[in-house]
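*Asks:*
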Ligand SMILES: Cc1cc2nc3c(=O)[nH]c(=O)nc-3n(C[C@H](O)[C@H](O)[C@H](O)COP(=O)(O)O)c2cc1C
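Numbering (this note's numbering), first residue to last: 38 to 244.
1. Going by the DSSP bridge assignment, what does residue 198 pair with across the sheet?
2. Quick check on the burial criterion: 16 or more other C-beta atoms within 10 angstroms. Buried or exposed for residue 220?
3. Going by C-alpha distance, which of 173, 44 and 167 is nearest residue 202?
4. According to DSSP, is residue 154 part of a helix, a strand, or is it coil?
5. Should residue 170 be listed as close to ligand 1, given that the test is whether its C-beta is under 8 Å from any heavy atom?
6. Going by Cα to Cα distance, which pick from 238, 222 and 137 is closest to residue 60?
7. Do you know whose CA, among 151, 65, 170 and 81, lies nearest residue 227's CA?
8. Verify the contact flag: residue 111, CB atom, against every heavy atom of ligand 1, threshold strictly below 8 Å.
9. Please list, in chain order, all residues of the same chain as residue 157 whose beta carbon is under 8 Å from its beta carbon, the five residues on each side excluded.
10. Please report how far the alpha carbon of residue 111 lies from the alpha carbon of residue 40, in whole angstroms.
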C-alpha cells in the first residue's frame, strides 16, 4: 500500500478520532450482570467482548480500569451475559452510567431481573438470550514491553444457556432475526443485525 495512512499508536494517531475500535468493529456487546458480595445487582455493557472456545464454551471481556463488574466477579466468581438487541438498546446504554456501587443498574435502566438456573446472578428478563457463567480466569493485560496496563481480561465458562423460543426456528438459532446490536466506533455508532446482511460461504476442502 503506497498511499496508506500509517501511525504508531504509542505516538498518537493524529486523526480527529482514534480509528482503532471503528476498525475492529462492529463488535458484539457483553452486557454483563453481576451481584456484589453485599447483594446489590449490577449491569453494564462491555464491547471489548467475544467468545473464545467451544468445549467448554468460554467468553471474555476487558475491563478498562477496575470497575464494579470486575470487583463483583472477583468476589463471587459468577456473571451472566445478556444479548443486547435493538429494542433493548436504550436500556443497555442507560446501564453504562458510572453509578456508584450501591445503585442497582437493573432499576436504573428500567429492566427486570429474572432468576438464573445455576448461578446466583440474575439475567435481564427482557433479553432473549442469556449465558450463565462461572469465572475461569482474570488476567491483567500487559503491553509489548511487559508493563502492566490498567485493564483486566475476565474469562468465564458458560454453564447455562437461555434462548427465547421465537429465536429457535426448527431448532436452529436465528441470528439474522435476533436484532442483535453491535458497537461501531466513535462516540455513538452502533449496527443492528438485519436479515439482508446475511451471506453464506462454506469452508474449502483440501486438497
Ligand atoms: C456499548 C458500550 C460498550 C462499552 N465497552 C466497554 C468495555 O469494553 N470495557 C470497559 O471497561 N468499559 C466499557 N464501557 C463502559 C462501561 O459500560 C462503563 O464504564 C460502566 O459504568 C461500567 O459499569 P460497572 O462499574 O458497573 O462495571 C462500554 C459502554 C458502552 C455503552
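We put the CB at the ideal spot given by N, CA and C, even for glycine. As the structure is a computational prediction, the values presented were derived from the model and not from experiment.
*Replies:* Walking through what the data contain:
1. 168
2. buried
3. 167
4. coil
5. no
6. 222
7. 65
8. no
9. 72, 113 and 115
10. 47 Å
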